[in-house]
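Each remark here refers to the structure printed beneath this line.
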Amino acid sequence: MTGWQQSPTTALLILADGTRLEGQGLGAIGHAAGEVCFNTAMTGYQEILTDPSYAGQIITFTFPHIGNVGANDEDIETVNMASLSGVRGCVLRADITNPSNWRAVEKLDAWLKKRNIIGIAGIDTRALTARIRENGMPNGVIAHSPDGYFDEPSILAELKAFPGLEGLDLAKEVTTAQTYHWDQTGWTRENGYGTLENPEFHIVAIDYGAKRNILRCLADQGARVTVVPATATPADVMAHKPDGIFLSNGPGDPAATGKYAVPTIRKLMDTGKPMFGICLGHQLLGLAVGGKTSKMHQGHHGANHPVKDLTTGKVEITSMNHGFAVDADSLPAGVTQTHVSLFDGSNAGLSVDGKPIFSVQYHPEASPGPRDSHYLFTRFLNQVRVQKGLPAKPETVKLGEE
Numbered sequence: 001m002t003g004w005q006q007s008p009t010t011a012l013l014i015l016a017d018g019t020r021l022e023g024q025g026l027g028a029i030g031h032a033a034g035e036v037c038f039n040t041a042m043t044g045y046q047e048i049l050t051d052p053s054y055a056g057q058i059i060t061f062t063f064p065h066i067g068n069v070g071a072n073d074e075d076i077e078t079v080n081m082a083s084l085s086g087v088r089g090c091v092l093r094a095d096i097t098n099p100s101n102w103r104a105v106e107k108l109d110a111w112l113k114k115r116n117i118i119g120i121a122g123i124d125t126r127a128l129t130a131r132i133r134e135n136g137m138p139n140g141v142i143a144h145s146p147d148g149y150f151d152e153p154s155i156l157a158e159l160k161a162f163p164g165l166e167g168l169d170l171a172k173e174v175t176t177a178q179t180y181h182w183d184q185t186g187w188t189r190e191n192g193y194g195t196l197e198n199p200e201f202h203i204v205a206i207d208y209g210a211k212r213n214i215l216r217c218l219a220d221q222g223a224r225v226t227v228v229p230a231t232a233t234p235a236d237v238m239a240h241k242p243d244g245i246f247l248s249n250g251p252g253d254p255a256a257t258g259k260y261a262v263p264t265i266r267k268l269m270d271t272g273k274p275m276f277g278i279c280l281g282h283q284l285l286g287l288a289v290g291g292k293t294s295k296m297h298q299g300h301h302g303a304n305h306p307v308k309d310l311t312t313g314k315v316e317i318t319s320m321n322h323g324f325a326v327d328a329d330s331l332p333a334g335v336t337q338t339h340v341s342l343f344d345g346s347n348a349g350l351s352v353d354g355k356p357i358f359s360v361q362y363h364p365e366a367s368p369g370p371r372d373s374h375y376l377f378t379r380f381l382n383q384v385r386v387q388k389g390l391p392a393k394p395e396t397v398k399l400g401e402e
C-alpha cells in the first residue's frame, strides 16, 4: 500500500507582490500576464470565459466545480472570433472532471486549449478571493508547463511588463474589424437559436466588445442590428439610418477608450435618436455627459449582484462584470442616477433628463445569470416605438436563470 502523493506541479500563478501559487495545469501551454479578479457565478463558465469584457484578466472562479458540465458550441459570447475573447487565464479549485450534461460535446480542458486559455487547478480559491477582496485586484502571471519546467526569468519579465488595466484601451483589440448584421434570436430547448424573420426596427450597435446575447435580446425585441467597429464615426453610424443606437460592453479603462469614443457619442446624442449603453457603454456615456470614472478596488464580477432601480423602486439580481465605475457625485445637472448597487452603493445606471438616453453598469442580457433585467431592452425599444408613433409594450420581468 502506497501513501498519499502530491500531484506534480505543472502550473504556476505568481502575483505582483511575489506570492507564488503552485497547481496542476490545464488548457493551453505557455504563460500570460493579466489582472487577477474573481467571479462568484455558480454557472456559465463558458459564457464568462468568452465575454470580451474580461480581456486582459485572469479569472478566479469561486465556485469549486468548473468544467463538470463540459463545453459546447452554443454557450459562447464572443462575436469577434478572431480575438477569441482576450481572457488571459482561469484559476480553479478542483481539477476538471468528465462532463455530465446532455449538451456537452467536449471536455473543458480541450476547449480551453482550442481557445488558447491557460488554466491552473488545485488552488485555494477561497483564500485567493479573500486576498483580492482585502487588497484589490493584483497583476499576475499564469503559466502551464506539462513537464514541470518553468523559465521563470521569462515568466517574471512578462509580469513586470504588464502595465495593468488603468490607462489601457482594450476595446480596439476585441471589436469587430468590419460592419456586420445580426438577426439571431434567443435560445429555446426545442429549437436552439432562432432567426428574426420580420424586423420592425433597426438598431446600430457600436461594438466595444459586444456579447452575443445582448444582440439576441435586441433581436428578440424585433430589431435588426447592424454592428459597427468601436472606432466608427458619427457619420458611419448615421449612414445606416438607425432607429436607435446601442453602446456595447467591453474591456479596459473607459477613460482610454473614451479618447475616441466620447466625441462620437456626444455627436450621436445630438441626433435625438434613442440610445442605450451597457457596462463599458455605460461608462463611456457617463464620460460623454461630463462625469468621471475610476478604478474599483475589487470590481464586480458575478451573477448575484443586487441592484435597485430608482425609477421603479424594484430590486433585481443582476449579472456584473466591471472593474471601473462611474462616479455618481461627478454626474452634472441634467443627468439622473437611475440604478444603484446594493452591495457597495456604487452607480449602476443613469439617464439624460428629457432625452431618450440611458445606460446601466450591469448586464441585463445575463448569460450567465438571472433574467430580472431583460425589461431594459423593452424600455429601450419602447423609446424607439414612441418616436415612431407606436404603442409601448409592458416592461415584464423574466424570473429564473438562463
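Going by full-length UniProt numbering, the sequence shown wraps up at 402, each residue one higher than the last. Where a beta carbon is used, it is the ideal one built from N, C-alpha and C, also for glycine.
*On the three-state DSSP scale, how would you describe Asn213?*
Within the sequence shown, the letter at position 213 stands for residue 213. Here Asn213 sits in helix by DSSP.
*asked:* What does the alpha-carbon distance come out to for the pair Val335 and Asp309?
replied: Position 335 of the sequence shown, counted from the start, is the residue given in the question as residue 335. Position 309 of the sequence shown, counted from the start, is the residue given in the question as residue 309. Taking the straight line from one Cα to the other gives about 15 Å.
_Rounded separation between Glu197 and Val91 - CA only_ = Counted from its first residue, the sequence shown places residue 197 at position 197. Counted from its first residue, the sequence shown places residue 91 at position 91. Near 42 Å, if we compare the C-alpha coordinates of Val91 and Glu197.
*Are there 16 or more other CB atoms within 10 angstroms of the CB of Trp111, so buried, or fewer, so exposed?*
Within the sequence shown, residue 111 is the residue found at index 111, counting from 1. Buried, by the Cβ-count rule.
*What residue ranges within the region 45-79 form continuous beta strand (DSSP E) runs of no fewer than 3 residues, ordered along the chain?*
57-61, all fully within the region 45-79.
_Validate contact between the region 170-189 and the region 226-246 using beta carbons, cut 8 Å, 3 pairs_ = yes
*Examine the Cβ distances between the region 317-328 and the region 292-300 and report whether three or more of them are shorter than 8 Å.*
yes
*Going by other Cβ atoms of all chains shown within 10 Å of its Cβ, with 16 needed for buried, is Arg115 buried or exposed?*
In the sequence shown, counting from the first residue as 1, residue 115 sits at position 115. Classification for Arg115: buried.
*asked:* Suppose the cutoff is 6 Å on Cβ atoms and the five residues either side in sequence are ignored; what does the same chain contact list for Glu166 look like?
replied: Taking the sequence shown and counting its residues from 1, one reaches residue 166 at position 166. Result list for Glu166: Asp253, Lys295, in chain order.
_Rounded separation between Ser359 and Arg385 - CA only_ = Position 359 of the sequence shown, counted from the first residue, corresponds to residue 359. Position 385 of the sequence shown, counted from the first residue, corresponds to residue 385. Distance from the CA atom of Ser359 to the CA atom of Arg385, rounded to whole angstroms, is 18 Å.
*Roughly how many angstroms lie between the CA atoms of residue 405 and Phe61, to the nearest whole one?*
Because the chain in this structure spans residues 1 to 402, residue 405 falls outside the shown range and cannot be described.
*Which of the three DSSP states, helix, strand or coil, is assigned to Phe150?*
The residue you call residue 150 lines up with position 150 of the sequence shown. Coil, per DSSP.
*Got a sec? Which residues, its chain only, sit under 8 Å from Gly140 by beta carbon, not counting five neighbours each side?*
On the sequence shown, position 140 is the one that residue 140 refers to. Closer than 8 Å at the Cβ level, and outside the excluded window around Gly140, lie Leu13, Ile14, Leu15, Ala16, Ala33, Gly34, Glu35, Val36, Ile58, Leu159.
*Excluding sequence positions up to five away, which residues of its chain have a Cβ less than 6 Å from the Cβ of Phe38?*
In the sequence shown, the residue the question calls residue 38 occupies position 38. Thr60, Thr62, Thr129, Ile132.
_Distance check for Lys107 and Ser7, CA to CA, integer angstroms please._
Locating residue 7 in the sequence shown gives position 7, counting from the first residue. Locating residue 107 in the sequence shown gives position 107, counting from the first residue. Looking at the backbone, the Cα of Ser7 and that of Lys107 are separated by about 21 Å.
*Does the region 265-284 come close enough to the region 238-251 that 3 or more CB-CB pairs lie under 8 Å?*
yes
_Every unbroken beta strand (DSSP E) within the region 281-348, with a cutoff of 3 residues, ordered by chain_ = 293-309, 314-326, 335-341
_Gln221, DSSP secondary structure in three states_ = Numbered from its first residue, the sequence shown carries residue 221 at position 221. Gln221: coil per DSSP, three-state reduction.
*Rounded to whole angstroms, what's the CA-CA distance from Gln361 to Tyr149? Just pull it up for me.*
What you label residue 361 is simply residue 361 of the sequence shown in a count that begins at 1. What you label residue 149 is simply residue 149 of the sequence shown in a count that begins at 1. Cα to Cα, Gln361 sits roughly 42 Å from Tyr149.
*asked:* Here's the rule I'm using: 16 or more other beta-carbon atoms within 10 Å means buried, otherwise exposed. How should Gly18 be labelled?
replied: Locating residue 18 in the sequence shown gives position 18, where the first residue counts as 1. Exposed: under 16 other Cβ atoms inside 10 Å.
_Cβ neighbours of Gly349 in the same chain (closer than 6 Å, five flanking residues each side left out)_ = For the purposes of this step, residue 349 is taken as residue 349 along the sequence shown, with counting starting at 1. Correct list, in chain order: Thr338, His339, Val360.
_Does Leu390 pass the burial test, meaning 16 or more other C-beta atoms within 10 Å, or should it be called exposed?_
As a working note, residue 390 is residue 390 in the sequence shown. Leu390 should be labelled exposed.
_Inter-stretch contact (C-beta, 8 Å, three-pair minimum) for the region 326-333 and the region 364-382_ = no
*Burial state of Ser373, where buried means 16 or more other Cβ atoms lie within 10 Å*: For the purposes of this step, residue 373 is identified with residue 373 of the sequence shown, where counting begins at 1. Answer is buried; the Cβ neighbour count reaches 16.
*Compare the C-alpha of Arg126 against each of Arg103, Ala94, Glu152, Thr378 and name the closest.*
Counted from its first residue, the sequence shown places residue 126 at position 126. For the residues Arg103, Ala94, Glu152, Thr378, the minimum Cα distance to Arg126 belongs to Ala94.
*Minimum C-alpha distance to Lys314 - residue among Asp151, Ser341, Pro138, Asp51*: Position 314 of the sequence shown, counting from 1, holds the residue named residue 314. Nearest option by C-alpha distance: Ser341.
*Pull up the CB-CB distance for Leu26 and Ala143, whole angstroms please, since I reckon it's below 8 Å.*
On the sequence shown, position 26 is the one that residue 26 refers to. On the sequence shown, position 143 is the one that residue 143 refers to. In fact, because the Cβ distance is near 12 Å, the residues do not count as touching under 8 Å.
*Extent of the continuous beta strand (DSSP E) to which Gly358 belongs*: As a position in the sequence shown, residue 358 is number 358, starting the count at 1. As written in the sequence, residue 358 is Phe, which differs from the Gly given in the question. Its beta strand (DSSP E) spans residues 357-360.
*What residue range is occupied by the uninterrupted beta strand (DSSP E) comprising Asn39?*
In the sequence shown, the residue the question calls residue 39 occupies position 39. Element bounds for Asn39: 30-39.
*When the Cα of Phe201 is compared with those of Gln383, Tyr45, Val69, Tyr260, which residue comes out closest?*
Looking up residue 201 in the sequence shown gives position 201. The shortest C-alpha to C-alpha distance from Phe201 to any of Gln383, Tyr45, Val69, Tyr260 is the one to Gln383.
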